[in-house]
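Q: Dropping a structure here in structure tokens format, bear with me for questions.
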Amino acid sequence: MGIKREDKAGRKAWTERGYRFFDAPAVILVLLDKSLDETCFRFDMGCVTQNICLAAMEYGLGTCVEYQAIVYHDAYRKYLNLPESKRLVCGIAIGYPNPDFPANHVVSTRVDIDTNTSWYGF
Ligand SMILES: Cc1cc2nc3c(=O)[nH]c(=O)nc-3n(C[C@H](O)[C@H](O)[C@H](O)COP(=O)(O)O)c2cc1C
């Protein structure tokens, strides 16, 4: 985005934009029923979230998974009347991507697969 490290105001504005879901026209909030086993929920919710993102791509939509959605979960609960029985897990900003927007040109790097994988018997 061309925001320099020392540009605190610029960084703050970008973070705040994240809280506005980067001005996406819609947001999907992923909720988990509190009665479900917390030890497994991260895996399950990750699967659900990723599948939503992959399905969206099929329709030409872009998504951005955001934990920023849960920072102010009390506000969502209040204004959207989310039931107490549900836990807010994450938000998914969704909309048709603007190819001219600089952040949409970012291609993050990945460490080599051998860094994350132990191979046995191969
Ligand atoms: C679980 C999860 C939570 C994230 N939360 C945020 C967030 O709150 N704000 C943000 O700007 N990006 C967040 N990201 C990163 C963006 O979603 C990121 O653009 C997306 O993962 C694609 O980046 P990649 O190309 O590095 O995979 C999060 C990603 C994941 C997987």
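In short: position in the sequence shown from 1, add 3, done, that's the numbering used here.
Backbone N, C-alpha and C fix where the C-beta goes; we use that ideal spot for every residue, glycine too.
Please classify GLN71: is it buried, with 16 or more other beta-carbons within 10 angstroms of its beta-carbon, or exposed?
A: Locating residue 71 in the sequence shown gives position 68, where the first residue counts as 1. By the neighbour-count rule (16 or more Cβ atoms within 10 Å), GLN71 is buried.
Q: Comparing the CB of CYS50 with every heavy atom of ligand 1, is any distance shorter than 7 Å?
A: Taking the sequence shown and counting its residues from 1, one reaches residue 50 at position 47. Flag unset: Cβ of CYS50 not near ligand 1.
Q: Might you give, ordered along the chain, the residues of its own chain that have their beta carbon closer than 7 Å to the beta carbon of PRO100, omitting 5 neighbours on each side?
A: Here residue 100 refers to the residue found at position 97 of the sequence shown. Counting only Cβ-Cβ distances below 7 Å, and skipping sequence neighbours, we find GLY65 and ASN107.
Q: So what does LEU34 bridge to, in DSSP terms?
A: Working through the sequence shown from its first residue, we reach residue 34 at position 31. According to DSSP, LEU34 bridges with LEU91.
Q: Measuring alpha carbon to alpha carbon, tell me which of SER38, SER88 and ALA29 ends up nearest ILE97.
A: Mapped onto the sequence shown, residue 97 falls at position 94. The residue with the shortest Cα to Cα distance from ILE97 is ALA29.
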